[in-house]
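The sequence shown lines up with residues 81 to 624 when you count with our numbering.
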Amino acid sequence: MFFRSSSKKISRLKSEYDYIIAGGGPAGCVLANRLSKDKNTRVLLVEAGGSDSHPYIHMPVGFAKLTGDSHSWGYKTVPQKHLNNKEIWFTQARVLGGGSSINAQVFTRGHQYDYDAWESEAGAEGWSFEKVLPYFKRAEDNQRLADTYHGQNGPLKVSDPTPQFLSSVYVRAAQQAGIPFNSDFNGAKQAGIGYYQLTNREGYRSSAPVCYLRPILSRPNLDIVTSTLVSKVSINNGVATGVNIHKKGSSATEHIKAKKEVLVTAGAIGSPKLLQLSGIGNAKELERLGISCHSDLPGVGENLQDHLDVFVVGECNGDLSADKYKSPIQAAWAGFQYTLFKTGPAASNLCDAGGFWYADNKAESPDIQFHFLAGSGLEHGLKQLRNGVTLNSAFLRPRSRGTVKLKSSNPKDAPLIDPNYWSDPYDREMSIKGFKLARKILHQEAFKPYIKREADPGENVKTDEDIAEYAKTFCKTDYHPVGTCKMGAESDLMSVVTPDLRVKGITGLRVIDSSVMPLLVSSNTNAPTIMVAEKGADHVLGLI
Numbered sequence: 081m082f083f084r085s086s087s088k089k090i091s092r093l094k095s096e097y098d099y100i101i102a103g104g105g106p107a108g109c110v111l112a113n114r115l116s117k118d119k120n121t122r123v124l125l126v127e128a129g130g131s132d133s134h135p136y137i138h139m140p141v142g143f144a145k146l147t148g149d150s151h152s153w154g155y156k157t158v159p160q161k162h163l164n165n166k167e168i169w170f171t172q173a174r175v176l177g178g179g180s181s182i183n184a185q186v187f188t189r190g191h192q193y194d195y196d197a198w199e200s201e202a203g204a205e206g207w208s209f210e211k212v213l214p215y216f217k218r219a220e221d222n223q224r225l226a227d228t229y230h231g232q233n234g235p236l237k238v239s240d241p242t243p244q245f246l247s248s249v250y251v252r253a254a255q256q257a258g259i260p261f262n263s264d265f266n267g268a269k270q271a272g273i274g275y276y277q278l279t280n281r282e283g284y285r286s287s288a289p290v291c292y293l294r295p296i297l298s299r300p301n302l303d304i305v306t307s308t309l310v311s312k313v314s315i316n317n318g319v320a321t322g323v324n325i326h327k328k329g330s331s332a333t334e335h336i337k338a339k340k341e342v343l344v345t346a347g348a349i350g351s352p353k354l355l356q357l358s359g360i361g362n363a364k365e366l367e368r369l370g371i372s373c374h375s376d377l378p379g380v381g382e383n384l385q386d387h388l389d390v391f392v393v394g395e396c397n398g399d400l401s402a403d404k405y406k407s408p409i410q411a412a413w414a415g416f417q418y419t420l421f422k423t424g425p426a427a428s429n430l431c432d433a434g435g436f437w438y439a440d441n442k443a444e445s446p447d448i449q450f451h452f453l454a455g456s457g458l459e460h461g462l463k464q465l466r467n468g469v470t471l472n473s474a475f476l477r478p479r480s481r482g483t484v485k486l487k488s489s490n491p492k493d494a495p496l497i498d499p500n501y502w503s504d505p506y507d508r509e510m511s512i513k514g515f516k517l518a519r520k521i522l523h524q525e526a527f528k529p530y531i532k533r534e535a536d537p538g539e540n541v542k543t544d545e546d547i548a549e550y551a552k553t554f555c556k557t558d559y560h561p562v563g564t565c566k567m568g569a570e571s572d573l574m575s576v577v578t579p580d581l582r583v584k585g586i587t588g589l590r591v592i593d594s595s596v597m598p599l600l601v602s603s604n605t606n607a608p609t610i611m612v613a614e615k616g617a618d619h620v621l622g623l624i
C-alpha cells in the first residue's frame, strides 16, 4: 500500500495562489505541509520530476537502483582541473521528494559547531545550534531516543537499523583501529563509530512526501503538480508576482500568480539556476546570455561546496555481502521475503554503519565521515566485484569553492556545475588522510576471516601521490551540494538571502533549501535541509 503516489490528481490549476513553492524536494514538501495548515491559505507545490510511486523509492534497498538517470537530472560536473579533468557523475533527484526519495536514508545532522559557524562566521543571525535544534526536534519522530537532542512527535520517521553481519564486523574493526563506539551521532557528541539511524520505518522509506504530504492530501487548499518545470519567476518592479511553468510534453507556457510569495526550493543546483533564469544574479553574466537583470547579486551560483568521497574496496572470501543478491535466484528470494514480511536484504539501506573521526588532529570537531556498505559497485558507474565491501571516506570541511552557472538562457539546458574539487591543497591532504583511516579499518583483525584482499586501490598503491592519483580516477560525490544561494548579513555582498531567507533586492521571493547553507555541514544533508524548511516556514508565517 505504500507504493502509491504522494501527489494529487488535479483537473485544473488555479490562476492564483497565496504561495507557490518551486521544487518538490524535501524542503518543498515541508513548506507545503506547514503553509497549507491554514485552510484559508492556498498553496501550490510544483515538481519538475514525476510522482514517487515507483516501488524502488519506498523499498529501502532501492536507492542503489536510483542513482542513475531514471529519477534524476543526469548531471555531470564540468572537467575538474585538479582531478585530471575528470567529469564526475553529479546526480540530482528529479522526482517528488527530491533527494529524500532516492538517498541512502542516513539520518545525521552534523555538529553543533556547524550551525554556530553559520551565525558567527557567515553572519546568519538566528541560525546557531541553539536556535535550530528545536526545528530538528519538531521534524523528528525517533523510534528510540527522547532527550535534549531528539523529538518523538514529528512527521519524519527515524529508526534504528537491523545491522547486517558485516556492518557489525566493521564496527568492531573500527574500534580495533582506535575509534571509540558512539551510540548516537546526533546527540551530545558526534565523534565515534557505530550504527546510523535511518529515515525509514517498518520496512519503508520515510521520504519527505510520505511523511509530510501523504497525511494531508485531502486538504482542498493544497495543490501538488508533478512533471511540471518552473522555468522562470516573474518579477515586476522588484516584486515576485508568480511563475512560468511548462508541463511535460507541452511546449506551452502557463503563468501562475502568487498573491503573497514565491518560495524557491529547487536545491543547491536548481535554485541558483532558476534565480539566474529569472534575472537574479551577476548582472554582467546574465546580460551576456540575453537575460535582463532584476537584482545584481554576484553570489548567486557561487560558494558551491560538496563532500568528495574516496573509498577502499575489499573482496570477500565467500558469498558474504549483499553482492550475492545480484543473482536472479537470490534477488527473487530477497524480493519474496520483503513482499511477505518487509524484512531481509531488500529492507536494508545497505549503509547502516559508519561514523565520524579526525583527519586533522587540530580540528574542532570530526572532519571525516565513513559510510560502510556491505557490497561493491552499488552506485552509478562504480565497478562491481562478485562479492565485496566498500568503505567510503569523505572530508567534511572542504575549503574549495565552486560554482553553478547557466549554459544558456534555455531552461531545459543543464547548468554548468563546477565543484572545483581539491582546488585548495588542504582538501587533498585531508582526503588522503581520511582514505588512510578507512584503509586501516579494513585491514584490522576483525575483517581477516571475511576479506581476502584489498581489491581497490590495491596494496601496490602506497604513497600519498599514489593515493591521490587513485582518487583522481575513482573519487565520487557524496551528493551533498550546498551554498549556492547562501544566507548572510545584508552587508555581505556575496550573500543571496538574508537570515529570514528573503532574496536581496526582490520583494515576495525567498529561497528555502540546502542552497542557503553558507557552510557545508559535517554530515549528510537531508535532515539539515528539512530543518531549514521547518524554520523557513516559521519565517514565512511571521512566527519568528
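Ideal placement from N, C-alpha and C gives every residue a C-beta, glycine not left out.
Complete runs of the beta strand (DSSP E) confined to the stretch 383-408 [at least 3 residues] | 388-396
Assuming L176 contacts D132 under a Cβ cut-off of 8 Å, what Cβ separation, rounded to an integer in Å, is found between them?
-> 5 Å
Identify the residues that DSSP records as bridge partners of G322: which are they?
-> S314, K337
Do you know offhand how far N441's Cα is from M510's?
-> Looking at the backbone, the Cα of N441 and that of M510 are separated by about 11 Å.
Per DSSP, which residues does P587 bridge with? Please list them.
-> The question names Pro, yet the displayed sequence has Thr at residue 587. T587 pairs with V319.
How is M597 classed by DSSP in three states: helix, strand or coil?
-> Looking at M597 - three-state DSSP - the assignment turns out to be coil, as it is neither helix nor strand.
What does Y97 pair with, by DSSP beta-bridge criteria?
-> A338
In three-state terms, what does DSSP make of N222?
-> strand
Measure the Cβ-Cβ separation of M139 and Y559 and say whether it is below 8 Å.
-> no
Based on the DSSP secondary-structure assignment, which residues constitute the bridge partners of L496?
-> K485
Same chain, Cβ closer than 6 Å to G424, five either side skipped, listed in chain order = Hits under 6 Å: A414, Q417, Y418.
First and last residue of the uninterrupted beta strand (DSSP E) at F436 | 433-437
Which residue's Cα is closest to the Cα of D593: D544, Q256, H191, A346?
-> A346
Determine the extent of the alpha helix (DSSP H) in which L453 is found, giving its start and end residues.
-> Taken as a continuous stretch (DSSP letters only), L453 belongs to no alpha helix (DSSP H), being part of the beta strand (DSSP E) at 448-453.
For D264, the three-state DSSP class (helix, strand or coil) = coil
Beta carbon of G267, beta carbon of Y229: below 8 Å?
-> yes
Ignore the nearest five residues each way along the sequence and tell me which others in F436's own chain have a CB closer than 6 Å to its CB.
-> Result list for F436: Q270, A271, P446, Q449, in chain order.
How many whole angstroms separate the CB atoms of S401 and G455, which I take to be in contact at a CB cut-off of 8 Å?
-> About 5 Å; that satisfies the 8 Å criterion.
If you drop the 5 nearest sequence neighbours on each side, which residues of the same chain put their C-beta closer than 8 Å to that of A338?
-> Cβ neighbours of A338 beyond the five flanking positions: E96, Y97, D98, Y99, I100, A320, T321, G322, V323, G588.
Whole-angstrom distance between E534 and V576, CA atom to CA atom | 46 Å
Confirm, please, whether the CB-CB distance from I360 to V583 is below 8 Å.
-> The answer is yes: Cβ separation under 8 Å.
Would you kindly work out how many angstroms separate the C-alpha atoms of M611 and P529, rounded to a whole number?
-> 42 Å
Would you kindly check if the distance between the Cβ of A107 and the Cβ of P598 is under 8 Å?
-> Contact flag unset, no.
Proximity winner among N280, I90, A607, P135, relative to S150 (alpha-carbon distances) | P135
Segment contact, 8 Å Cβ cut-off, at least three pairs: the stretch 426-433 with the stretch 241-248 | yes
Look up I531 in the DSSP assignment and say whether it is helix, strand or coil.
-> strand
Nearest residue (CA-CA) to D572, options E201, A112, A128 | E201
Since N472 is in the beta strand (DSSP E), which residue starts that stretch and which ends it?
-> For N472, the enclosing beta strand (DSSP E) stretches over residues 468-475.
Are the CB atoms of D493 and K487 nearer to each other than 8 Å?
-> yes
Among the residues of its own chain, which have a CB less than 8 Å from the CB of P328, if the five just before and after it don't count?
-> Per the sequence shown, residue 328 should be read as Lys rather than Pro. Closer than 8 Å at Cβ, skipping near neighbours: S307, T308, L309.
Are L357 and T564 closer than 8 Å when you measure CB to CB?
-> no
Quick one: residues in its chain with C-beta nearer than 6 Å to the C-beta of N63, no 5 flanking neighbours on either side, listed in chain order?
-> Residue 63 falls outside the range modelled here, since the chain spans only 81 to 624, and no answer is possible.
Kindly identify the DSSP beta-bridge partner or partners of W78.
-> Here the chain comprises residues numbered 81 to 624, so residue 78 is not present and cannot be evaluated.
Reduced DSSP secondary structure (H/G/I, E/B, other) of Q410 = helix
For G44, collect the residues of the same chain with a Cβ closer than 7 Å to its Cβ; drop the 5 residues on either side in sequence, then sort them by chain order.
-> The chain is shown from 81 up to 624; residue 44 falls before or after that span and cannot be answered.
Return the CA-CA distance between G103 and A412, expressed in angstroms with no decimal places.
-> Their backbone Cα atoms lie some 36 Å apart in a straight line.
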